[in-house]
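These notes concern the structure reproduced below.
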Amino acid sequence: MFINILKEYCHECYACVRNCPVSAVKVNDGKVEVIEERCIHCGKCVNLCSQNAREIVDQKNEVIELLQKEDNLAVALAPSYPVYKLSWQKEDWFNFLSKLGFKNIYEVAWGADLISEKYTEILQNNDKTLISSACPVIVNLINKYYPQLSANIIEVVSPMKALSRYIKKEGPSAKLVLVGPCQAKKVELESEENIAAVLTFSELFSIAEELDIRVENNIEPELESSADKNDISNSARSLAVGGELLKKVSAQLDNSLHIEGEKEVIELMEALKAEKIELEFADLLFCKGCIDGVDLSSENYFLKQKHLYQYLKTNSYFNQYNKDIAAHLDLSAKYQAENMVLKTPSEKEIWQILNKTDKYEEADLLDCGACGFESCRDKAAAVIHGFADVKICLPYLLKEKRGELKEIQKVNKNLNLIISSSYDGIMLIDKDGRVEKINSSYLQMLGLELEEAKGKKISQLEKRLGLYPGLDLQSLKEKEQITFVQNHGKNKRILLTAKAIKDQAAKLEQIIINARDLAEISFSNSQNELNDQDIPDYLVSKSKEMKKIINLAAKVAETDSTILITGESGTGKEVIAKFIYEQSNNEGDFVKINCAAIPTNLLESELFGYEKGAFSGARKSGKPGLIEEADNGTLFLDEIGELSPNMQAKLLQVLQEHSVYRIGSVKPKKVNFRLITATNRDLEQMVKDKEFREDLYYRLNVFPIRIPPLRKRKNAIPALIDHYLSILKEKYDKNISISERAVKLFMKYDWPGNVRELNNVIERLVITSEKLLIDYQDVLALYGEEFKTEGISVSSLMPLPKAVAEVEKKILEMAQENCKSTYEMADMLGVNQSTVVRKLKKYFH
Ligand SMILES: Nc1ncnc2c1ncn2[C@@H]1O[C@H](COP(=O)(O)OP(=O)(O)OP(=O)(O)O)[C@@H](O)[C@H]1O
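Remember, this note's numbering sits 87 above the position in the sequence shown when you count from 1.
Dropping the structure here:
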């Protein structure tokens with residue numbers, strides 16, 4: 088690759104696309120690329136790039152190395168060399184090059200002298216238009232884009248090649264570095280074996296800078312002229328000014344011309360191609376003479392020209408040349424057509440492309456040139472040839488962007504509306520943990536005004552408001568999302584879901600927090616309540632309390648949140664855990680273990696598994712633990728309150744690292760499971776008593792579900808009785824039912840064993856009953872004392888007022904458990920509401 092595009096500097100101005108004379112620059116994904124095989128190496132795109140996004144591949148390092156190790160390194164200067172340093176004379180150049188380490192200095196002008204003789208010879212016996220081969224860009228242009236004219240290029244090497252061949256003969260061991268103003272020479276001379284490197288003048292001077300070489304005027308030139316050598320003609324030395332070659336060779340030609348400059352050359356090519364013009368000889372230069380070459384184009388052209396002629400008058404050449412050696416040189420060359428001419432697309436193909444950027448008729452073709460092509464048609468052709476992105480069309484993109492902007496504004500407006508009207512608290516935090524945006528629901532939850540929250544550090548807010556635990560920014564750097572319950576003082580608990588927004592390099596950019604008051608989740612009358620037919624048969628949900636729990640469970644099932652189910656033994660914690668698993672999208676299994684039922688040492692291997700030979704008695708092959716088995720599924724740890732401190736620590740590690748270590752292994756295994764735990768113990772109290780780890784408690788208590796005891800939801804009893812009777816009828820093949828009075832008796836009992844006890848009692852009654860109707864008496868017969876709670880039983884003497892007070896208190900307690908309001912209690916007890924309020928105050932405050 089001759090030209091590197093520095094993509095980070097390219098700002099998509101497409102000046103290079105627009106100005107490349109042969110469409111050798113393509114646009115790919117917005118960035119430009121040089122198509123090497125189409126490039127004629129004119130260097131124009133390098134010069135015009137204002138962002139310096141082009142880098143010519145150079146050989147500076149090779150030359151530095153050569154200067155340090157080669158004893159016989161020569162340099163050849165292109166004829167334009169005097170104009171690179173307008174203030175320098177020959178001595179300056181000599182001192183400079185000698186100090187750099189070159190042992191011999193040649194001038195390419197000698198090569199020009201050599202080839203001009205060859206030209207004169209060929210032109211004398213010629214019957215077709217011949218074109219000069221001195222300019223490598225012209226040779227590339229003809230071979231690639233006017234292949235029918237390749238045969239017209241004069242079959243003589245360029246002056247530089249001629250010189251290199253001469254030097255090879257003169258001193259075969261000499262290695263040569265060529266220095267000139269032209270990028271194309273680098274490609275042209277690549278294959279000449281005695282040329283070690285080709286540099287531009289700028290590259291040569293940057294090497295000097297690197298080696299800290301300066302010009303000193305006190306060194307005299309050491310190179311002497313000798314008698315057996317020849318001079319260089321001044322016409323050859325002025326070859327860098329356009330037209331000098333023609334002057335030198337065309338004395339006897341009637342029909343020849345010299346042309347320089349891109350536009351003029353291409354015009355002539357077109358005329359020659361169309362056979363509109365016939366010439367004996369055309370001396371062509373792609374630049375305005377080599378003094379205007381890519382590396383010299385910044386200085387005023389006429390100043391350069393004047394200086395060159397002046398310099399040649401007052402400064403002799405560096406070296407003389409041996410004509411005898413030159414006489415035997417092979418200066419012939421063959422030029423090969425490489426046809427890069429593209430097929431012209433049809434009108435239909437062009438319009439198919441134009442249509443893609445909303446251009447349907449001539450009036451739509453603005454030809455603004457912003458895409459880098461002169462016309463919309465040219466651009467469409469480039470798209471067809473694969474050189475351009477169809478979408479790069481400024482008017483089209485502007486229209487599209489305007490539409491997108493409108494859409495974004497609309498979405499933004501809607502989004503703001505949704506956020507501000509959301510019932511959930513929503514907060515946006517920046518990567519440094521400062522509040523960027525917060526909606527009014529959240530402000531209300533925190534009891535803050537907007538200005539008290541906006542821009543403040545979340546950690547400071549949490550401290551000030553006593554919110555604990557705080558948002559763990561560190562873990563959000565590693566994870567996508569965390570869910571946890573945050574305590575607001577004693578009574579308020581907020582369920583927080585914090586989602587990390589990360590950039591492409593996975594660095595945390597922002598955090599979105601969604602907050603819900605747990606009290607509201609638990610008691611809200613959800614609009615998305617499950618229908619009765621969606622509730623499985625094994626779950627009796629007739630009571631209001633159970634319905635709420637089931638709806639809550641169904642909602643949380645959709646998330647991957649960790650759930651803690653609490654409630655007395657037999658209330659249905661496991662049934663709810665199972666229901667959550669069934670409602671979720673978990674692909675894996677429901678794996679259950681009762682932490683109280685297994686001794687600690689066994690529990691560890693059950694949960695974590697073990698490697699082969701981990702302990703005596705272990706299975707030879709090792710065994711995966713239940714945590715591994717629950718991968719992608721749900722792990723239900725019942726009686727979590729019974730976990731030993733050691734096991735608590737190990738479980739916490741699994742939850743923090745999302746990986747498990749089998750016993751005897753140091754290799755973690757990644758696991759992904761939903762955890763549901765259950766307990767009938769008061770974990771919060773256990774934390775206070777230091778019996779349960781606080782950090783583990785917070786990890787488990789992400790989404791709490793509390794199942795009340797059956798005595799607090801006695802209205803569920805009839806439905807539960809029906810449920811069990813229908814199962815038992817089938818099981819025991821008995822068409823048995825229960826009397827209303829017996830049910831009433833059931834309703835008065837406190838059911839310390841909860842639903843499980845109720846189930847057992849009914850089963851026993853079904854088994855023992857000889858009739859088809861279980862009655863009040865049957866219950867009493869079987870459970871006698873326990874169920875005799877109907878009426879008031881008096882077992883000892885006491886003052887009457889005290890007895891009345893105790894009865895009143897007991898009755899109020901019972902009414903409270905079964906009623907939602909003091910009005911309902913008043914109704915049930917046959918007194919008015921104010922009496923209930925007064926008596927409640929008396930006994931309970
Ligand atoms: N809502 C319900 N509908 C039908 N059956 C229920 C319901 N709740 C509980 N049960 C039944 O009650 C019994 C006890 O339930 P479960 O084992 O789920 O209770 P638990 O709270 O997990 O008990 P423990 O704390 O002793 O483990 C089971 O037979 C279960 O099927």
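Even for Gly, the Cβ is constructed at its ideal location relative to N, Cα and C. This one's a predicted model, so the numbers in the text were calculated from it and none came from an experiment.
- For H394, the enclosing alpha helix (DSSP H) begins and ends at Y388 to T401.
- Distances from the CB of R843 to the heavy atoms of ligand 1 include at least one below 8 Å.
- Short of 6 Å from the beta carbon of G459, and not among the five residues preceding or following it, lie these beta carbons of its own chain, in chain order: Y101, V104 and R105.
- In the structure shown, P755 adopts coil according to DSSP, grouped into three states.
- Burial of N182 is indicated by the presence of at least 16 other C-beta atoms within 10 angstroms of its C-beta.
- Here S325 is not near L250, since their CB atoms are 9 Å or more apart.
- Around Q138, the same chain offers Y96, C97, H98 and C100 as residues with beta carbons nearer than 8 Å, after the five sequence neighbours per side are excluded.
- Per DSSP, reduced to three states, the secondary structure at N919 is coil, with no helix or strand assignment.
- For ligand 1, no non-hydrogen atom lies closer than 8 Å to the CB of I727.
- Look at the segment 189-262 and you find these whole runs of alpha helix (DSSP H), each 4 residues long or longer: 196-211, 223-232 and 246-257.
- The residue from L291, S260, Y253 and N601 with its alpha-carbon nearest to that of G267 is L291.
- In the three-state reduction of the DSSP assignment, L154 falls in the helix class.
- Closest in C-alpha terms to P234, from the list V381, Q423 and K273, comes Q423.
- In this structure, DSSP gives V119 an extended state, which the three-state scheme calls strand.
- Here the C-alpha atom of V758 lies approximately 35 Å from the C-alpha atom of D619.
- Taking the Cβ of I804 as the reference point, every heavy atom of ligand 1 lies at 8 Å or farther away.
- Under DSSP, H575 shares a beta bridge with L554 and K579.
- Within a 10 Å sphere around the beta-carbon of P888 sit fewer than 16 other beta-carbons, which makes this residue exposed.
- Taking K172 as the centre and dropping the five residues before and after it, the same chain places the C-beta of D179 and W180 closer than 8 Å to its C-beta, in chain order.
- With distances taken between CA atoms, N134 lies nearest to I90 out of V150, S174, I90 and W175.
- Judged by the Cβ position, I794 qualifies as a neighbour of ligand 1 at the 8 Å threshold, a heavy atom of the ligand being closer than this.
- For G330, same chain residues with a beta-carbon under 6 Å away, outside a window of 5 residues either side, are H345 in chain order.
- DSSP lists no bridge partner for L694.
- In the DSSP assignment, S433 forms no beta bridge with any residue.
- For K631, the shortest C-beta to heavy atom distance toward ligand 1 is 8 Å or greater.
- Pairwise C-beta distances place the segment 583-602 in contact with the segment 511-520, as three or more of them are shorter than 8 Å.
- With a cut-off of 8 Å on Cβ pairs, the segment 275-288 is not in contact with the segment 456-476, counting fewer than three such pairs.
- The residues G657 and W838, in chain order, have a CB closer than 7 Å to that of E844 in the same chain once the five nearest residues on each side in sequence are set aside.
- Counting only the Cα atoms, F368 lies some 44 Å from R301.
- The secondary-structure analysis by DSSP pairs F368 across a beta bridge with L217 and S343.
- The three-state reading of DSSP puts Y408 in strand, counting E and B together.
- Relative to the Cα of P795, the nearest Cα in the group E817, V923, D862 and K634 belongs to K634.
- Relative to ligand 1, even the nearest heavy atom lies 8 Å or more away from the CB of K634.
- With a threshold of 16 other beta carbon atoms within 10 Å, T431 falls short and is exposed.
- Considering only S708, A717, T721 and G553, the residue with the shortest C-alpha distance to Q670 is T721.
- Classified as exposed, E434 has fewer than 16 neighbouring CB atoms from the shown chains inside 10 Å of its CB.
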